[in-house]
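K.L.:
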Amino acid sequence: LGQEVKQIYVPNGHATKVITQDREYEADVVIGGADYHHVEQQLLPPQSRRYDERYWQKRVMAPSSLLFYLGVDRRLKGLQHHNLFFDEDFERHAHEIYEDPQWPSKPLFYVCAPSVTDPNVAPEGCENLFVLVPLAPGLEDTDELRERYYDIVMERLEKLTGQSIRSHVIYKRSFAHRDFERDYHAFKGNA
């Protein structure tokens, strides 16, 4: 319906209505497909919630990620459609996601180069890249941190592929914790 749900009306333990900013929708059944924490803590009335906020704060959440969407003004050699760069310590990166949440000291990353298999997704002679760095949820997310990790990842990508990439980036957009929270109400910015 193209509208954000603001509240689920639950009289007598049965959801009967979904309320948006513009109108109310009567329903026989309501299925919440949004982030579970958001549905539970923001959309349902307190008496219909199964868990309190303390429960949620103790949960180990799915990882978040730092994403870069890049347009490159040349074709790149040596990349497949899917590329895993696990050239650093996997256990350390996982520890920094799950055990000691922090921005990774030596991040592992994934690069998708879909124009390798479908040249129609980028202008002729160009590439579009999707770069993903797994992160712990709930971390500070600033433009400065994003830029720092962009430089770390791109330096390694250039070294590992043996070619200049940063100087050929003509489009760059990042997406991380605060974007997952804003766009999807994802608890702690998990992906």
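Those letters in the sequence shown? Residues 3 to 193, by the numbering used here.
Quick reminder that beta carbons are idealized off the backbone N, C-alpha and C, glycines included.
Thinking C-alpha only, which one of His39, Leu147, Tyr186, Leu46 is nearest arginine 56?
P.N.:
That would be His39, whose Cα lies nearest to the Cα of arginine 56.
K.L.:
Just checking my contact of serine 66 with histidine 179 at CB under 8 Å: how many whole Å lie between their CB atoms?
P.N.:
That pair is a contact at about 5 Å.
K.L.:
Name the one or two DSSP bridge partners that lysine 19 has.
P.N.:
Partner(s): Tyr11, Glu28.
K.L.:
Express the C-alpha separation of aspartate 153 and threonine 163 in angstroms, rounding to a whole number.
P.N.:
In a straight line, the C-alpha of threonine 163 is about 15 Å away from that of aspartate 153.
K.L.:
Please tell me whether alanine 36 and histidine 187 are closer than 9 Å, where the distance is taken between their beta carbons.
P.N.:
A contact, by the Cβ cut-off of 9 Å.
K.L.:
Sort Asn122, Ile167, Glu126, Asp120 by Cα distance to valine 133 and report the nearest one.
P.N.:
Considering only alpha carbons, the answer is Ile167.
K.L.:
Here's a check: name, in chain order, each residue in its chain whose Cβ is nearer than 8 Å to the Cβ of isoleucine 99, leaving out the five neighbours to either side.
P.N.:
Correct list, in chain order: Pro65, Pro106, Pro136, Leu137, Ala138.
K.L.:
From what residue to what residue does the beta strand (DSSP E) around phenylalanine 177 run?
P.N.:
First-last of the beta strand (DSSP E) with phenylalanine 177: 171-177.
K.L.:
Looking at the structure shown, is tyrosine 38 part of a helix, part of a strand, or coil, going by DSSP?
P.N.:
In this structure, tyrosine 38 counts as helix in the three-state DSSP scheme.
K.L.:
By a C-beta neighbour count over all protein chains shown, 10 Å radius and 16 as the cutoff for buried, is phenylalanine 92 buried or exposed?
P.N.:
The residue is exposed, with fewer than 16 neighbouring Cβ atoms inside 10 Å.
K.L.:
Identify which residue in Gln49, Lys8, Leu81 has its Cα closest to the Cα of cysteine 114.
P.N.:
Looking at the Cα atoms, Leu81 is the closest of the given residues.
K.L.:
Out of curiosity, what's the CA-to-CA distance linking lysine 174 and glutamine 23?
P.N.:
Approximately 33 Å between the Cα atoms of the pair.
K.L.:
Check whether the Cβ atoms of phenylalanine 70 and serine 176 lie closer than 9 Å to each other.
P.N.:
Their beta carbons are under 9 Å apart, which means phenylalanine 70 touches serine 176 by this criterion.
K.L.:
CB proline 109 to CB glutamate 90, shorter than 9 Å?
P.N.:
In contact: proline 109 and glutamate 90 (Cβ atoms closer than 9 Å).
K.L.:
Once you ignore the five residues that flank alanine 193 on each side, which residues in its own chain have a CB closer than 7 Å to its CB?
P.N.:
Closer than 7 Å at the Cβ level, and outside the excluded window around alanine 193, lie Ala64, Pro65, Ser66, Ser67, Phe182.
K.L.:
Return the bridge partner residues of tyrosine 130 from the DSSP annotation.
P.N.:
Reading off the sequence, residue 130 comes out as asparagine, not tyrosine. The partner list for asparagine 130 (beta bridge, DSSP) reads Gly73.
K.L.:
Can you name the start and end residues of the alpha helix (DSSP H) that leucine 81 belongs to?
P.N.:
Neither: leucine 81 is in no alpha helix (DSSP H) and is coded neither H nor E.
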